[in-house]
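Asks: Top to bottom, those sequences are chains U and H.
Heads up: the first sequence begins at 1 in our numbering, then just goes up one per residue.
Heads up: the second sequence begins at 1001 in our numbering, then just goes up one per residue.
From the three backbone atoms N, C-alpha and C, an ideal C-beta is built for every residue, glycine too.
Please read these numbers as outputs of a predicted model, since none were measured by experiment.
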Amino acid sequence: MARPTPLRDVHESLGATLTDFAGWLMPLRYGSETAEHRAVREAAGLFDLSHMGEIFVTGPQAGQALDYALVGHLSVLATGRARYTMIVNPAGGVVDDLIVYRLADDEFMVVANASNYRTVALALTNRARGFDAQVDDRSDAYALVAVQGPHAQEILASLTDTDLPNLRYYAGLPGVVAGVEALIARTGYTGEDGFELFVRGEDAVTLWQEISKAGQPYGLVPAGLSARDTLRLEAGMPLYGNELNEETTPFDAGLGRVVKFDKPGDFVGRAALEALRDAPPRRQLVGLVARGRRVPRHGFSVVAGDRVVGEVTSGAPSPTLGKPIAMAYVETGAHEGLAVDIRGSLEPMDVVELPFYRRNK
Amino acid sequence: MSNIPEGLSYTKEHEWVAGLDEGLTVTVGITDYAQDQLGDVVYVQLPEAGTTVEAGDSVGEVESTKSVSEIYSPVGGEVVEVNQAVVDKPDLINSDPYGEGWLFRVRVEGEPEDLLSPEEYTALTSGEA
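(1) Would you report the Cα separation of VAL1006 (chain H) and GLY92 (chain U), rounded to the nearest angstrom?
(2) Start and end of the beta strand (DSSP E) containing LEU144 (chain U)?
(3) Grab the span of the beta strand (DSSP E) containing GLY337 (chain U) for me, first residue to last.
(4) State yes or no: is the beta carbon of ARG291 (chain U) nearer than 8 Å to at least one beta carbon in chain H?
(5) Mind checking MET109 (chain U): buried by the 16 CB within 10 Å criterion, or exposed?
(6) Measuring only the C-alpha atoms, how far is ASP105 (chain U) from GLU210 (chain U)?
(7) May I have a chain-ordered list of the beta strand (DSSP E) segments no shorter than 3 residues that lie completely inside the region 57-89 of chain U?
(8) Determine the chain B residues that contact ARG228 (chain U) at a beta-carbon separation under 7 Å, and present them in chain order.
(9) Based on the DSSP output, what are the partners of ARG283 (chain U) in its beta bridges?
(10) Count the other CB atoms within 10 Å of the CB of ALA1129 (chain H); is the residue buried (16 or more) or exposed (fewer)?
(11) Can you tell me whether ALA1129 (chain H) is helix, strand or coil according to DSSP?
(12) Spell out a yes or no on whether the region 140-150 of chain U and the region 37-45 of chain U are touching, meaning 3 or more CB-CB pairs, one atom from each, closer than 8 Å.
(13) List the whole-angstrom C-beta distance separating VAL71 (chain U) from VAL258 (chain U), where the pair is believed to meet the contact cut-off of C-beta under 8 Å.
(14) Run through chain H and tell me which residues come within less than 9 Å of ARG294 (chain U), C-beta to C-beta.
(15) Could you say which of H:THR1065, H:ILE1071, H:GLN1045 and H:GLU1061 lies nearest to ALA1055 (chain H) if we only look at CA atoms?
(16) So if I threshold CB-CB distances at 9 Å, which residues from the region 1024-1043 of chain H count as touching chain U?
(17) Alpha carbon to alpha carbon, how far is ALA339 (chain U) from LEU98 (chain U)? Give it in angstroms, no decimals.
(18) Counting only C-beta atoms, is SER32 (chain U) closer than 8 Å to chain H at any point?
(19) Keeping to the same chain, check which residues put their C-beta closer than 6 Å to that of LEU370 (chain U); ignore five residues upstream and five downstream.
(20) Who pairs with ALA318 (chain U) in a beta bridge, going by DSSP?
(21) As an exercise, report each continuous beta strand (DSSP E) stretch of at least 3 residues that is fully enclosed by the region 249-282 of chain U, in chain order.
(22) To which residues of the same chain is LEU159 (chain U) closer than 8 Å at the C-beta, ignoring the five residues directly before and after it?
(23) In angstroms, rounded to a whole number, what distance separates the CA positions of VAL1080 (chain H) and VAL1086 (chain H)?
(24) Could you tell me which residues DSSP pairs with ARG102 (chain U) in its beta bridges?
(25) Of all the CB atoms in chain H, is at least one closer than 8 Å to the CB of PRO250 (chain U)?
(26) Taking only runs that begin and end inside the region 23-60 of chain U, name each unbroken beta strand (DSSP E) of 3 or more residues, in chain order.
(27) Can you list, in chain order, the residues of its chain whose CB lies under 6 Å from that of ILE325 (chain U), leaving out five sequence neighbours each side?
(28) Taking 7 Å as the line, does the beta carbon of PRO319 (chain U) fall inside it for any heavy atom of the ligand GDP?
(29) Hey, LEU233 (chain U) and SER314 (chain U): beta-carbon distance below 8 Å or not?
(30) Taking the alpha carbon of VAL1008 (chain H) as the point to measure from, which residue in H:PRO1047, H:ALA1123, H:GLY1039 and H:LEU1116 has its own alpha carbon closest?
(31) Should ALA328 (chain U) and PRO90 (chain U) be called a contact, given that it needs their Cβ atoms to be closer than 8 Å?
(32) The alpha helix (DSSP H) spanning ALA157 (chain U) covers which residue range?
(33) Would you mind working out which of U:ALA114, U:ALA65 and U:PHE56 sits nearest PRO4 (chain U), comparing C-alpha positions?
(34) On the criterion of 16 or more Cβ atoms from any shown chain inside 10 Å, does PHE251 (chain U) qualify as buried, or is it exposed?
(35) Tell me whether LYS1089 (chain H) sits in a helix, a strand or coil according to DSSP, three-state version.
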């Protein structure tokens, strides 16, 4: 049985189609997922992301422990700021992609994917041994509600005293929203401006309902995982299990910049990643736009002539472009004359620069 | 609950068939339950008019944001008409699956495959829900 989030009854009363996602019962969509996608691009959307994991690392050497456990340089992160980073295995394969928030000098919150947070918590616990730091998986106590879209700031501003205009992208501060204590973070996974609010599970329903009310005049709608997936795909953001897995390195995914070789000391995966950094890349993550209307999907082969040169990792009809789009790993340099084998017929694709969509700032 | 109108026949592949009792030509579409399971339909591929099909043949596909389903012909015969409107505007399948969202018409030859009554189809879909 899939686990419900604290907002399950709210989703059911909104008529959501619920689905099992990584062991959680999550809203897939409330009505039309295309309408939800457009609302996030043009107004705002409200998401339940309570399936994400929240792992706290605390203590005088919490920063050093994370420097050793992750590929990023977290000990130099300023309090109130966040970083996108990864945890890799000793061979450099990606165990998960993460956002790390520094809440205090000696306190960090690591946000991990639903499918991985138990693994991540265990790995962090093992890797933090020998440091004066404690690892505590508090995922069960936390709910996560996100407000994403061009009107997100106006909507939240009516519910909080926190100075939102001065909260920078990838910053997070404790505050109060609609009377509820929250970590207010300017982060997201949609390609739009927006906020993620980490709250106690028992406060999630109040927070959701107050944001819904405040958002109504701005066109805010509840949005499900289906819209979240097409939004992140248009924004060129990787999804663990699709673009990232333990056989993939940060370099494969075009995310080598998150590996901070210049930080002091060893870190798990350093030797393997250093060797790969200087080697010619085996394959590249590319964006594909279909010329036709059939949709390339996860696992479909990418073909050049009569040779398979890669595989689609994510694909969907793009509401913004009005065409099917996909991300795929292809052999380095294979950019011309590509097609995707869609149930036996070769559908021509054009390679484009990622992301597919970039908001006007 | 999805809408399962009386007066239609249904298939296990979540299609409906209209006009079986009236004559030789039947109309085929996908059910309200099927469109709800699929989500927003973005692309429909239909057989060409004039094609001869057997009952149970895969004759096209319906693609949504999340998934793709094959369309089967529930009857054998000749495809005499396809709904160009749903090819141009696939979301008609979501908004009006039993009306403007119809898919194709077949002039029936021979016996149709096993079809379900509305009651039987209701039982099938509540078992899956």
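Replies: Result, derived from the coordinates:
(1) This sequence places Glu at residue 1006 (chain H); Val is not what is there. Computed Cα separation, rounded: 60 Å.
(2) Under the DSSP assignment, LEU144 (chain U) falls in the beta strand (DSSP E) whose first and last residues are 142-148.
(3) GLY337 (chain U) -> no beta strand (DSSP E), and no H or E assigned at all.
(4) No - not a single Cβ of chain H is within 8 Å of the one on ARG291 (chain U).
(5) buried
(6) Inter-residue distance for ASP105 (chain U) and GLU210 (chain U) is about 32 Å (C-alpha atoms, whole angstroms).
(7) 82-88
(8) Absent here is chain B; the protein component of the structure consists of chains U and H.
(9) Note: ARG283 (chain U) sits in a beta bridge opposite U:GLU331.
(10) A caution first: ALA1129 (chain H) carries a pLDDT of 48, below 50, which makes its placement in the model unreliable, though a value can still be read off. Classification of ALA1129 (chain H): exposed, given that the 10 Å Cβ count is below 16.
(11) Residue placement at ALA1129 (chain H) cannot be trusted, given a pLDDT of 48 that sits under 50; the coordinates are not used to answer.
(12) In the pairwise beta carbon analysis, the region 140-150 of chain U is classified as touching the region 37-45 of chain U: at least three pairs are separated by under 8 Å.
(13) 6 Å
(14) TYR1043, GLN1045, GLU1061, GLU1063 and VAL1068
(15) H:ILE1071
(16) ASP1036, GLN1037, GLY1039, ASP1040, VAL1042 and TYR1043
(17) 33 Å
(18) yes
(19) Given that chain U is displayed from residue 1 to residue 361, the structure contains no residue 370 (chain U) and the question cannot be resolved.
(20) The sequence given here has Ser at residue 318 (chain U), not Ala. In the DSSP output, where bridge partners are listed per residue, SER318 (chain U) has U:LYS323.
(21) none
(22) Residues VAL177, ALA178, GLU210, ILE211 and ALA214 of the same chain have their beta carbon placed closer than 8 Å to that of LEU159 (chain U), with the five preceding and five following residues left out of the count.
(23) 16 Å
(24) In the DSSP assignment, the residues bridged to ARG102 (chain U) are U:PHE108.
(25) no
(26) 24-29, 44-48 and 53-58
(27) VAL289, SER318 and PHE356
(28) You won't find the ligand GDP in this model; it holds no ligand whatsoever.
(29) Yes, the pair counts as a contact, with Cβ atoms nearer than the cut-off.
(30) A quick correction: the sequence has Leu, not Val, at residue 1008 (chain H). Ranking H:PRO1047, H:ALA1123, H:GLY1039 and H:LEU1116 by Cα distance to LEU1008 (chain H) puts H:LEU1116 first.
(31) no
(32) Residues 152-157.
(33) Across the set U:ALA114, U:ALA65 and U:PHE56, the C-alpha of U:ALA114 shows the shortest separation from the C-alpha of PRO4 (chain U).
(34) Classification for PHE251 (chain U): buried.
(35) coil
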